[in-house]
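In this note's numbering, the protein residues as written are 17 to 175. These notes are about the structure you will find just below.
Quick look at the structure:
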């Protein structure tokens, strides 16, 4: 699979996970955890595999994308650190969604067409395979059981 196809597919999956987490239906914490793991693995695979290859082609776009990843990681920490029943949770999740949506739209509009134009199909395929392999490994590693967030630890974080 080409890197460009993989990225588009992962963007659509993030949209689906945002819809699920924001719906308030079912286990919102589980949906949010799945979403944040997906986003973190996606961003890391981009930064480790794709971005170094693209620095020579589009250094400004890559620099901007890295900055957006930094801001997104900050917002992910804010969402993960808050219980879904807390009053500000949904607002933080909506803010995260806006950041990710802006980033994905920009990437699909500006970066992916350049990848298609500048890289050979073989290189695009190789990068896609490498990104998917790293993404899958990160997701598999992140499925270790997590300690539940207790009311006392939430209160300590809020203070």
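Yeah, the Cβ is synthetic: ideal placement off N, Cα and C, and Gly gets one too.
Taking all protein chains shown into account, decide if residue i is buried (16 or more other Cβ within 10 angstroms of its Cβ) or exposed.
| i | result |
| --- | --- |
| residue 25 | exposed |
| residue 59 | buried |
| residue 79 | exposed |
| residue 20 | buried |
| residue 98 | buried |
| residue 93 | exposed |
| residue 157 | exposed |
| residue 163 | Bear in mind that the predicted position of residue 163 carries a pLDDT of just 40, short of 50, making it too unreliable to give a figure here. |
| residue 197 | Residue 197 is absent from the model: the chain starts at 17 and stops at 175. |
| residue 86 | exposed |
| residue 118 | exposed |
| residue 71 | exposed |
| residue 102 | exposed |
| residue 149 | exposed |
| residue 123 | buried |
| residue 120 | buried |
| residue 144 | buried |
| residue 81 | buried |
So residue i packs on residue j, CB below 8 Å; how close in whole Å?
| i | j | result |
| --- | --- | --- |
| residue 66 | residue 147 | 6 Å |
| residue 178 | residue 53 | Outside the displayed range of the chain (17 to 175) lies residue 178, so it cannot be described from this structure. |
| residue 84 | residue 112 | Their Cβ separation, rounded to whole angstroms, is 12 Å, which puts residue 84 and residue 112 out of contact at 8 Å. |
| residue 36 | residue 77 | At roughly 30 Å, the Cβ-Cβ gap does not stay under 8 Å, so residue 36 and residue 77 are not in contact. |
| residue 106 | residue 38 | 7 Å |
Confirm, please, whether the CB-CB distance from residue j to residue i is below 7 Å.
| i | j | result |
| --- | --- | --- |
| residue 73 | residue 134 | yes |
| residue 44 | residue 129 | no |
| residue 109 | residue 95 | yes |
| residue 151 | residue 47 | no |
If you reduce the DSSP assignment to three classes, tell me which class residue i lands in.
| i | result |
| --- | --- |
| residue 49 | helix |
| residue 43 | coil |
| residue 129 | helix |
| residue 24 | helix |
| residue 173 | Legend: pLDDT at residue 173 = 40, less than 50; position of this residue unreliable, value from coordinates given subsequently. Looking at residue 173 - three-state DSSP - the assignment turns out to be helix. |
| residue 106 | helix |
| residue 165 | In this predicted model, residue 165 has a pLDDT of only 40, less than 50, meaning its place in the structure is not dependable enough to derive any value. |
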